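In the numbering used here, the protein residues as written are 66 to 166.
Read through the structure below, which is laid out as structure tokens, and then see the notes.
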């Protein structure tokens with residue numbers, strides 16, 4: 066695999082390998098759940114502070130997982146859009162049981 070994936074299909078296996086530890090996946094799951102809740106609150110209240118809160122929560126939990134559990138750099142720094150897609154795909158795959166924590 067090249068260092069710069071051309072497609073999401075090429076990127077996602079590497080994304081999963083960088084999220085191989087249970088603690089990292091749990092922290093990502095918590096952060097993604099919080100961002101979904103915050104987006105729902107933004108839609109419900111119209112208060113844009115919920116967007117900032119969601120972003121801080123999502124990145125906060127994810128980065129703790131990378132720096133202190135997985136001991137790697139988040140994919141966000143090199144591939145922000147694929148990383149976002151990967152996070153939501155992993156989140157829903159965890160919900161559906163296609164991936165394990």
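Quick reminder that beta carbons are idealized off the backbone N, C-alpha and C, glycines included.
Just so it is clear, the structure is predicted and the values come from calculations on it, not from any experiment.
Between residue 130 and residue 140, the CB-CB gap reaches or exceeds 8 Å.
Inter-segment contact for the region 111-124 and the region 89-99 is present: three or more beta-carbon pairs are separated by less than 8 Å.
Remark: C-beta atoms of residue 155 and residue 81 approach each other more closely than 8 Å. Within the region 89-159, the complete alpha helix (DSSP H) runs of at least 4 residues fall at 114-129.
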